[in-house]
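Quick note, the sequences are listed as chains D and W, same order.
Using our numbering, you'd call the opening residue of the first sequence number 1 and step up by one each time.
Using our numbering, you'd call the opening residue of the second sequence number 1001 and step up by one each time.
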Amino acid sequence: MTRPAVDRPSWLTPRSRWGLIVLAAIAFSLWQARVFEPNRFNVGGIPQLLRFVQASVQPDLSLDFLQLTLDAAIVTFAYAVCGTFFSIVFGCVGGILASEVWWVSVLPRHATRPIWLGIRATLAVPRAIHELIWGLFFVNLFGLDPLVAIVAIAVPYGAIVAKVFSEILDETPRQPLIALLNSGVAPFTAFLYTLLPQAFLDLLSYTFYRFECSVRSAAVLGIIGAGGLGYQILLSLQSLRYEQLWTLFYALFLLNGAIDFFSAWLRRRLGSPSRLDLNLRKQARSRGSGGSLPDAHPARQPPERDRWLVAVGLGGLLLLPFSFWYVGADFSKLWSARTLELLGDVAQTAFPPNLDQSQWQLGMVAVQTVAMSILAIAIAGCGGILLSFPAAHTFFLPGGLFTPAQPSWRDRVLAWTGVLGTRAALLIARAVPAPIWALVALFVLFPGILPGAIALALHNMGILGRLMAESNENLDPRPLVALKAQGTPAALVFLYGVLPMTLTRSIAYILYRWEVCLRETVIVGLVGAGGLGRLLTEQLSSFDYRRVVVTLGWFVILTFGVDWVSGAMRRSLR
Amino acid sequence: MKRVVLSTLLSLLLPLAACTPDSSSSSNEDAATQPLVTSAIPDQDPEKLQRLYSKLADYLETELGVPVEYKPVTDYAAAVTAFRVGDLDMVWFGGLTGVQARLQVPGAEAIAQRDIDADFHSVFIANTNSGLTPIDDIAQLATLKGRSLTFGSESSTSGRLMPQYFLEQADVNLDDFKGEVGFSQSHDATIQLVEAGTYEVGALNEQVWNSRVQEGAVDLDQVQVIWRTPAYYDYHWVVNPDVKERYGEEFVGRVQAALMALDPSVPEEKEILDLFGANQFIETENSNYSQIEDIGRAIGKIQ
């Protein structure tokens, strides 16, 4: 009665191997953050924390300050428009040049790989450096011109857009392109008529997402002498005027919320449900029907002659010249002789890099930075996944997947409060800049990696939660409705229906955001956690540019590493 | 239809990209109409200073007869850099940042400071639960070894440079503290973080401490002063030598006179002085800051 021996598949699949690595990395980061030591929590700071929280219900609503906030919000908005515009321009060019498919179409196959990899590697350099550092650098070239803020957003974001655009292009089905190329059409023309139209909606959706990011970024860039919410936040933070700070946060809240709402509306009209599609094989995706539950949005395709869309599109285009006019940057500085001269000055003070310090020691410092970023993204990811379910409008609202067929009046109120409350919480989490979360975390936690990680986690959770909620709303409803119709309990529908479908994409978002957390460790230096960020601020304030170059080099190396790891993990998830 | 809309949007984008606005300041402006650009580093109550800057600009404009502009900056390093590249003509710097700025701009001069800046102090404060008691001799700073400490901003003279200098005088290095020394980024944050107990000890500008105590914003049961540093020179106005070319050789002297002429008995002028926390501005000169420069070099803040 012995059964024939069957080779069971090894449990050590690429997926489970990555799972173990992730767990080990998180455990190591927790250990680095000394979480296992006693007394990490500072009870004495609770009054300070409460004072901050209390100010949230008593924002400064004096007429003067509201006026100032409104002006600042317009400035921030205008900066974001200009910054996004240039990052999209850079991104389009860079995206094509960084895509594998472009080089495959232009050159014989064996020659393509080094070029393509070289361009991708180059793009990691601007991405590795935080906007704030770019800002300080450009003050060296342009002085206190508004141009600084625009370029400081456009350079790193252009590189990010290029990376994402190239991935979108590479994942777009190639058959039409190959057909055209084989019949002798020039590569650029072939691109223009095949890949670009196919990928256009994804590119446009991503542009909206980038715009939201630019607003948040313009809100951190306060160093540039031109006003804006970031500038006002920095001023009020300097003297800890919490009431003023909250007024400014609410302005960001409204600005972000409005953009969020508006871009969702526009994308629905255009028939592109998700703003950021990562990790999807396009063949497996059914655009158009991938919406929410049946009948939730009957008109998925844009109706013929959508006048609203035209009006809004034209209005949006008018915003561009308005923003450029309102910001009033001196673009001639981009090519003036003076700029070149100043660039020479900076190069002279920054080169050759000072390699006196022990690179081994710097490596140890870099480990702290990585640990903080891992911890931050792990917390943000878990929190984001948890909150993304109550924040999605397709689950608990009347007619949703987990609502009874005939919800009572009370159920409805509860459901709406739940959805709107979660969304507001996510919006607040991302409207408050990470350095402010850091100060607040530092009231109740002793200095170290942990408060920094929590600050970055809170801010990024707000962003991730929103992205994930959207991907929840865009799930293919058919298997879920089928499960529900069979009488499957809600918990099981969730575990066996919803979770498997959303988890892959959520993890892709998390990996993508990890790089951002790494870069942002620079701006939460006040938590006294050391790391490369602390080193960098010290070097910048000493004008020790020769060492700054070395520290930035470490950031570039770390970004390469993060890029490689998250790329490998995403491939194993497919 | 969708395709039409999108392609229209795209084709509209192209000409717009080309139509960027004219530069607001052209380089061939008449020297007389070119404004004197002033600024101040963000240190104490910068939100008041920066949001009410127009008062000082108006005053200088009438006194000097040239247009005066105020450009806000919220970062120490950015203020120094902007001074170096010539975007700021006259800046209210701290002790260290003033020296950094002058070293990067040959010929720049320190011209005026507040009455209190010639005799400036920092205070070390401690959370009462730390059990630390006031000390009266610099050597006793050694009792801070093994405690946690926060400074203010990295570039702050009163919140970092001088406190670190006095600690080193007492043979206390930054490595001797528990964990890493913090940089709270502002004097007010230092008070709050020590009051909360996150750090046991903090070092900050005495003027800010005094004004917060007067406002009743500090819980003196939670935090107390344990040491007042000896006096040193701090904040001052620094002028870029370019202004002489632009407005004449005697211009620097006129600015200096205008600042010193601010009269606390005239209500409008008192308001300006109050913004700076000054009773009046007095004369100063580069050599007053040679101690700061030496310390800055020793600590590595000046390369």
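All residues carry an ideal CB built from backbone N, CA and C; glycine is no exception.
Residue nearest to residue i in terms of C-alpha spacing, selected from the options
i	options	result
S217/D	V155/D, F165/D, D202/D and P59/D	V155/D
Y1059/W	A1261/W, N1127/W, V1085/W and P1042/W	A1261/W
M501/D	R120/D, L475/D and W308/D	L475/D
K1145/W	A1203/W, G1296/W, D1242/W and F1177/W	F1177/W
D1075/W	Q32/D, I46/D, S16/D and L235/D	L235/D
V548/D	L362/D, N472/D, W437/D and S263/D	L362/D
I507/D	S183/D, V498/D, R570/D and F543/D	R570/D
D202/D	F165/D, T112/D, P489/D and L552/D	F165/D
R1297/W	S542/D, A25/D, P9/D and Q48/D	S542/D
A479/D	L495/D, A469/D and M468/D	In the sequence under discussion, the amino acid at residue 479/D is Pro, which differs from the Ala named in the question. The candidate whose alpha carbon is nearest that of P479/D is L495/D.
H1236/W	V1073/W, L1161/W and G1098/W	G1098/W
P352/D	W246/D, D544/D, V527/D and F322/D	D544/D
P1106/W	L1132/W, A1082/W, H1187/W and P1241/W	P1241/W
Q357/D	L535/D, L204/D and A186/D	L535/D
L61/D	R174/D, S214/D and W246/D	W246/D
I1292/W	Y1053/W, N1129/W, Q1034/W and S1156/W	S1156/W
F48/D	F443/D, T189/D, P404/D and A429/D	The residue asked about is misnamed: residue 48/D is Gln in this sequence, not Phe. Closest option to Q48/D, Cα to Cα, is F443/D.
Alpha-carbon spacing of residue i relative to residue j, whole angstroms
i	j	result
Q539/D	I88/D	32 Å
I1282/W	S1158/W	19 Å
D1219/W	P1134/W	17 Å
L293/D	G421/D	Residue placement at L293/D is poorly supported in this model, since its pLDDT is 37, which falls under 50; the coordinates still yield a value, given next. Between L293/D and G421/D, the C-alpha separation is close to 22 Å.
L1012/W	L317/D	Bear in mind that a pLDDT of 44 at L1012/W, under 50, signals an unreliable position, so the number given afterwards is only what the model happens to contain. Roughly 8 Å between the two C-alpha positions.
A311/D	T504/D	37 Å
R287/D	R574/D	At R287/D the pLDDT is 39, less than 50, meaning the model places this residue with poor confidence and gives no usable figure here.
Y1199/W	R40/D	13 Å
A80/D	D71/D	14 Å
R519/D	W554/D	11 Å
L68/D	A219/D	15 Å
G533/D	Q1185/W	14 Å
D1136/W	A1217/W	26 Å
P59/D	Q244/D	6 Å
L445/D	L23/D	24 Å
S1287/W	K1301/W	18 Å
Q1140/W	A371/D	37 Å
H110/D	L117/D	13 Å
W308/D	L314/D	10 Å
I115/D	A186/D	20 Å
L1259/W	E1250/W	15 Å
8 Å CB neighbourhood of residue i in its chain, flanking five on each side removed
i	result
E515/D	R127, T559, V562, D563 and S566
P14/D	S572
R281/D	Residue confidence for R281/D is low, a pLDDT of 44 falling below 50, so the modelled location carries little weight; the figure read from the coordinates is stated next. Taken in chain order, the residues that qualify are E171 and R574.
Own chain partners of residue i with C-beta closer than 7 Å, once the 5 adjacent residues on each side are dropped
i	result
A162/D	F90, G91, G94, G95, A98 and L123
A152/D	E131, W134, G135, F138 and L221
K484/D	L401 and V493
S104/D	Here the sequence assigns Val to residue 104/D, which means Ser is not the residue at that position. Correct list, in chain order: T112.
D330/D	D145 and L147
Nonlocal neighbours in the same chain, by C-beta distance under 6 Å from residue i, ignoring five residues either side
i	result
F142/D	V148 and K333
F86/D	A154
G1270/W	Checking the sequence, you will find Lys at residue 1270/W rather than Gly. Taken in chain order, the residues that qualify are P1264.
R267/D	S205
A1082/W	L1088
Expected contact under 8 Å - CB spacing of residue i and residue j to nearest Å
i	j	result
Q1207/W	I1116/W	7 Å
E1109/W	V1238/W	7 Å
L355/D	V550/D	6 Å
A1142/W	D1175/W	In fact, because the Cβ distance is near 14 Å, the residues do not count as touching under 8 Å.
V1085/W	N140/D	7 Å
Y1233/W	F1120/W	7 Å
I150/D	G83/D	5 Å
V101/D	R174/D	6 Å
beta-carbon residue i near the ligand COA non-hydrogen atom, thresh 7 Å
i	result
A72/D	Within the structure as shown, the ligand COA is missing, as the structure has no ligands at all.
Do the region 1132-1151 of chain W and the region 1187-1199 of chain W meet, that is, are 3 or more Cβ pairs less than 8 Å apart? Cβ pair count under 8 Å is three or more, so yes.
Touching or not, the region 72-80 of chain D and the region 238-255 of chain D, by the rule of three or more beta carbon pairs under 8 Å? Result yes; three or more Cβ-Cβ pairs closer than 8 Å.
With contact counted as at least three CB pairs below 8 Å, one residue from each stretch, are the region 446-464 of chain D and the region 377-396 of chain D in contact? Contact between the region 446-464 of chain D and the region 377-396 of chain D is present, because at least three Cβ pairs lie under 8 Å.
Tell me, please, whether the region 384-401 of chain D touches the region 464-473 of chain D by the rule of three or more beta-carbon pairs shorter than 8 Å. Under the 8 Å Cβ criterion, the region 384-401 of chain D counts as touching the region 464-473 of chain D, having at least three qualifying pairs.
Examine the Cβ distances between the region 235-245 of chain D and the region 49-56 of chain D and report whether three or more of them are shorter than 8 Å. Touching, per the Cβ criterion.
Are at least three pairs of beta-carbons, each pair with one atom in the region 24-43 of chain D and one in the region 436-451 of chain D, less than 8 Å apart? Judged by Cβ distances under 8 Å, the region 24-43 of chain D makes contact with the region 436-451 of chain D, as three or more pairs qualify.
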